[in-house]
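Using this note's numbering, read the sequence shown as starting at 63 and increasing by one per residue.
Note that beta-carbon positions come from the ideal geometry of N, C-alpha and C, so glycine has one too.
Report on the structure given below.
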Amino acid sequence: MRQSIHRSILLSSGAVIAAILAATPAAAQDAGGAQADEEDVIIATGVRIRQGGAQDVKHFRSISLDSDADDLPRASSFTLEGLMGEHDLLLPANAACEQLFCINAQSMAANLPAEPDSTVFVGLGFESGVDAETYRAGPVSIIATVDRSGSMTGEPLMRVKESLRAVLGQMREGDRIGIVVYGSKTNVHMPVMDVEGNRDTILAAIDSIAINGSTYMEAGMKLGYKTAMAERERSNGQTRMMLFSDENANVGDTSANGFMAQASRGAMNGVGLTSIGVGRIFDGRLASKISAVQGGNLFFVGSDGDADALFEKEFFNMVSEVARDIKITIDPADGYRVADVYGVPDNILERSRDGSVTATIGSAFLSSNGGGIFASLAGAGSAISPANISISYVDARDGKRFEDVAQVASVDASPPANLRKAQMLVDQYSTITSALDAFHNKGDALAAQASLADLNERMAASGLEGMGEELKLVSGLSENAGKLATVYRDPAQAKLRQVLGEWKVLSHRGLDDISRGDFVRITKYGEFITERGGNGPNSGDEFEQEYEINKRQILIKDYDARDFAMDYTVNGNRMRLRNPIEGTMILLERDDS
């Protein structure tokens with residue numbers, strides 16, 4: 063069925079390929095330099111594509127395996143699409159793909175401890191009929207928008223400069239680059255210019271970026287997009303913004319919705335966003351949301367040498383958007399229901415009354431690793447195929463919409479290794495996030511250690527290749543959880559685990575010296591630190607007090623020249639501090655950055 067549909071749209075597929083090649087004339091040269099025409103193009107599989115959003119979990123790995131850490135990390139920068147993005151999950155083709163974008167749908171028996179009711183695991187691998195040798199990106203204009211706030215001091219800014227040098231090293235004749243910087247103030251640090259003939263000037267501009275104050279990321283992105291819009295008229299090809307930041311905005315509109323709206327407007331006007339995260343305090347949750355919008359992707363540069371390796375391997379891919387506004391609908395056969403869908407940036411899912419589930423993906427890019435989304439089905443139907451799949455997408459080059467359908471292959475008794483690997487990665491992600499929730503939100507380090515140890519055994523017994531880094535991550539987390547289980551065995555200490563960390567003030571009552579948008583940091587060293595938020599003259603100012611705590615109350619010492627006790631209750635990511643006698647209250651939300 064799927065192959066006949068591909069044949070029926072072959073003419074439109076050829077138009078897609080022709081449009082791509084027409085848009086990249088320099089790339090359509092054969093080995094002898096002759097211009098290829100439509101009849102000369104051979105459509106072949108092999109080029110890999112994957113969804114936008116987070117492309118790795120390098121930040122999470124770095125803080126999880128930090129030998130100096132005395133805590134388990136929070137899962138703010140740990141995403142399933144990022145975890146999968148570090149692995150090539152290309153599924154063996156069961157039919158020729160003759161389009162720009164195809165779905166390769168396969169299935170196996172489910173084995174997910176977190177979902178005992180699931181019976182079928184489905185892989186929807188991404189394929190393309192574009193020839194890997196003829197698809198080449200045309201010229202590109204890069205608007206590098208650089209965070210130079212105080213939190214970027216030292217190693218983070220060093221990583222940014224290494225990244226910019228690596229980007230410059232990959233750029234070619236016809237490419238252009240400009241630099242916008244933001245801190246307390248925002249300005250065009252280097253106007254957009256041709257790369258060829260100006261490399262020394264550009265390198266000098268990179269080296270001269272210096273630290274400056276607060277993180278006014280809203281203003282930085284606005285000027286970045288304004289510069290990009292102006293560049294579009296002069297660019298020799300596409301224009302793309304690259305945001306280099308630890309994503310810890312503390313001035314202006316710091317909401318995820320505000321940044322996502324800017325990124326969405328930029329994409330609608332033809333400017334996509336690649337985010338390059340740096341720094342230990344990188345806010346992965348915010349960055350993942352911003353990069354999930356149309357035209358967005360996200361990478362992390364953690365240590366010396368990472369930048370050169372990343373941009374040498376992925377620069378061409380990260381600026382090569384293949385498709386956008388991708389909608390994949392899973393329609394389960396009678397007797398089945400969709401239990402869950404995995405690998406969708408920002409988890410944008412819609413369930414219909416007929417039982418089908420539609421996943422929306424902002425964009426797909428060329429990649430060194432094959433991508434896809436995956437799903438689990440519960441139930442036991444009698445149909446040969448457990449689900450039908452439909453897909454629609456917009457060609458990122460010409461804006462035309464295309465559609466296709468496929469059937470999920472029947473359950474394979476000997477599934478391909480990459481489908482088994484994808485299921486193991488889902489198991490890994492589910493178990494780690496559950497273990498971290500047990501540790502941080504329930505104060506149960508023993509439960510966290512036990513579930514991580516079981517996961518470690520399952521992964522070691524799987525026999526899957528290419529899982530060395532995952533085993534290292536899981537075993538490291540398990541070992542640390544075991545150590546912390548002895549530290550926090552005291553119930554009072556376990557209770558304290560839920561209170562420690564950084565919180566944002568959502569609302570308050572009866573207090574004059576704290577404001578909505580301020581940040582409260584409660585440390586294990588008995589410090590209760592309040593930082594002014596917003597964009598007023600006192601933004602960023604801190605004042606520190608001491609505290610004592612028991613199972614019910616936190617005593618803030620020397621509060622307005624006297625000790626001040628407040629009852630505390632923690633519910634998930636929110637904490638309420640309340641003094642019922644004096645009628646005072648503070649509602650806080652955890653800030654995982």
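Nearest Cα to Gly595 within the set Ser317, Gly231, Val229: Ser317. In the three-state scheme derived from DSSP, where H, G and I count as helix and E and B as strand, Phe163 is classed as coil.
Note: Met303 is bridge-paired with Ile205, Leu335 in the DSSP secondary-structure output. The Cβ atoms of Ser169 and Asp474 lie closer than 8 Å to each other. Taking the CA atoms as reference points, Ser429 sits about 35 Å from Gln511.
DSSP, reduced to helix, strand and coil, places Leu360 within a strand of the structure shown.
In the assembly as shown, Asp366 is an exposed residue. Its beta-carbon has fewer than 16 other beta-carbons within 10 Å. Beta-bridge partners of Asp460 (DSSP): none assigned. Cβ contact annotation for Ala228 (same chain, cutoff 6 Å, sequence separation greater than five): Ala369, Asp370, Phe373, in chain order.
Taking one beta carbon from each stretch, the stretch 486-496 and the stretch 446-455 have fewer than 3 pairs nearer than 8 Å; the two do not touch. For Tyr630, the secondary structure class from DSSP, reduced to helix, strand or coil, is strand. Ile204 and Ala267 have their alpha carbons spaced roughly 15 Å apart.
For Leu360 against Gln113, the beta-carbon gap comes to about 11 Å, at or over 8 Å, which does not count as contact. When DSSP states are grouped into helix, strand and coil, Val243 belongs to the strand group. By the CB criterion at 8 Å, Ala272 and Arg210 fall inside the cutoff.
Under the DSSP assignment, Ile352 falls in the alpha helix (DSSP H) whose first and last residues are 346-353. In the DSSP annotation of this structure, Asn274 is not part of any alpha helix (DSSP H), being labelled neither H nor E. By a beta-carbon distance limit of 8 Å, Gly538 does not contact Leu151. Their separation comes to about 24 Å. When the beta-carbon positions are compared, Val381 and Gly424 stay at least 8 Å from each other. Selection Gly240, Met220, Ser213 evaluated against Ser246 yields Ser213 as nearest (Cα-Cα). Secondary structure of Thr289 (DSSP, three-state): helix.
Distances from the alpha-carbon of Lys566 to those of Glu376, Phe122, Asp580, Leu526 put Asp580 closest.
Taken in chain order, the unbroken stretches of beta strand (DSSP E) that lie wholly in the stretch 584-617 and span 3 residues or more are 589-593, 604-611. At least 8 Å separates the beta-carbon of Leu348 from that of Val400. Under the DSSP assignment, Arg413 falls in the beta strand (DSSP E) whose first and last residues are 411-413. Residue environment for Ile616: buried (at least 16 other C-beta atoms within 10 angstroms of its C-beta). Look at Glu541 here: in three-state DSSP terms it is helix. Judged by DSSP secondary structure, Val229 falls within the alpha helix (DSSP H) whose first and last residues are 217-232. Of the residues Pro477, Phe163, Val257, Pro135, the one whose Cα lies closest to the Cα of Ala171 is Pro477.
Minimum Cα-Cα distance from Met304 among the listed residues Ala206, Arg571, Thr391 corresponds to Ala206.
Cα atoms of Arg123 and Ile390: separation of roughly 30 Å, rounded to the nearest angstrom.
Just measuring C-alpha positions, the residue of Leu514, Met220, Gly357 sitting nearest Asp499 is Leu514. When the five nearest sequence neighbours on each side are left out, the beta carbons in the same chain lying within less than 7 Å of the beta carbon of Ala509 are those of Ala500, in order along the chain. Scanning its chain for C-beta atoms nearer than 6 Å, with the 5 sequence neighbours on each side dropped, one finds around Ser418 the residues Thr391, Asp393, in chain order. Taking C-alpha positions only, Ile241 is separated from Ala290 by approximately 10 Å. Contact between the stretch 132-151 and the stretch 332-350 is present: 3 or more CB-CB pairs across the two stretches fall below 8 Å.
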